[in-house]
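Here this note's numbering is used: the first residue of the sequence shown is 1436, the next is one more, and so on. Below: one structure, written as structure tokens.
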Amino acid sequence: MASIMTNAESDARLSVSRMLTEDLYRMQCLNALKSLKLPQGYLAAGFLRNAIWDELHGFKKPTPLNDIDVIYYNPSDTSKKSELHIENALSEQVPSALWQVKNQARMHVKHGHNAYKDCEEAISYWIEQETCVAIRLCPNEEGDKFDMLAPYGLSRNFAGTISINPRHPRGDVFTQRVHSKNWLLTWPQLTLGSALVGSI
1436 MASIMTNAES DARLSVSRML TEDLYRMQCL NALKSLKLPQ GYLAAGFLRN AIWDELHGFK
1496 KPTPLNDIDV IYYNPSDTSK KSELHIENAL SEQVPSALWQ VKNQARMHVK HGHNAYKDCE
1556 EAISYWIEQE TCVAIRLCPN EEGDKFDMLA PYGLSRNFAG TISINPRHPR GDVFTQRVHS
1616 KNWLLTWPQL TLGSALVGSI
């Protein structure tokens, strides 16, 4: 599934690059991940989504992250022990972060899907379209050049919506997450997808 690239998408990616370069904590996390050289290693979901929502709301201080989702793709070793080893290695570099590491080469089993071919396909099944995003510092490059995954487009995040993923719709899980994570209280300018307004 190729990432969407339009003028709006290009502008969104430029905005993200600026935002993250100015965010010392997120840059520390990105550099920690890069140092491990994981296959298709990205920081995903709220790490990027929340930064964009903070920007939309003009927050001067980033909203604290409950955890940091790390994804990678290694079909030759799908053990949870390896994921824990990676979490420990990241914690040594950024001990203030709660790291959550998942090898996407095994996550299809949990959802009853065929094996995912890469991280981008894996995240394209996540609950909200705005959560289906990931970022890393480009491997083998110096400086702050970013590689981003966004199967539904980063510009969707800048639209300030929370939308259920039509590729793998789970309305009950979506509703539970909107309530439990307090997104509409933390970022009050967000709006729900039109099909869901009456059900929340």
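For every residue, glycine included, the Cβ atom is placed at its ideal position computed from N, Cα and C.
- Nearest neighbour of histidine 1520 by Cα position, chosen from Pro1510, Ser1511, Lys1537, Ser1531, turns out to be Lys1537.
- Sequence-distant Cβ neighbours of glutamate 1563 in its own chain, meaning closer than 7 Å and more than five residues away, are Ile1597, Ser1598, Ile1599, Asn1600, Phe1609.
- The three-state reading of DSSP puts tyrosine 1477 in strand, counting E and B together.
- In the structure shown, isoleucine 1558 falls within a helical segment according to DSSP collapsed to helix, strand and coil.
- Secondary structure within the segment 1519-1556: the alpha helix (DSSP H) runs of 4 or more consecutive residues, fully enclosed, are 1542-1546 (chain order).
- Minimum Cα-Cα distance from phenylalanine 1581 among the listed residues Cys1554, His1492, Leu1572, Phe1593 corresponds to Leu1572.
- Residue pairing by DSSP places glutamate 1563 opposite Ile1599 in a beta bridge.
- For phenylalanine 1581, the enclosing beta strand (DSSP E) covers residues 1581-1584.
- The DSSP-derived three-state label of threonine 1498 is coil.
- CA-to-CA, the gap between leucine 1589 and proline 1623 works out to about 20 Å.
- Annotated as distal: valine 1613 and asparagine 1592, with beta-carbon spacing of 8 Å or more.
- By the 16-neighbour rule on beta-carbons within 10 angstroms, alanine 1585 is buried.
- In this structure, DSSP gives leucine 1483 a helical state, which the three-state scheme calls helix.
- In the DSSP assignment, valine 1505 falls within the beta strand (DSSP E) that extends over 1503-1507.
- The beta-carbon separation of isoleucine 1503 and glutamine 1535, rounded to 7 Å, stays under the 8 Å limit for a contact.
- If you draw a straight line from the Cα of threonine 1498 to the Cα of glutamate 1444, it comes to about 24 Å.
- Valine 1505 is a Cβ neighbour of leucine 1525, given a cutoff of 8 Å.
- Cβ-Cβ distances below 7 Å link asparagine 1485 to Thr1498, Leu1500 in the same chain, with the five nearest sequence neighbours on each side left out; the list follows chain order.
- Methionine 1462 sits close to leucine 1455, with the two beta carbons spaced by under 8 Å.
- Classified as buried, arginine 1448 has 16 or more neighbouring CB atoms from the shown chains inside 10 Å of its CB.
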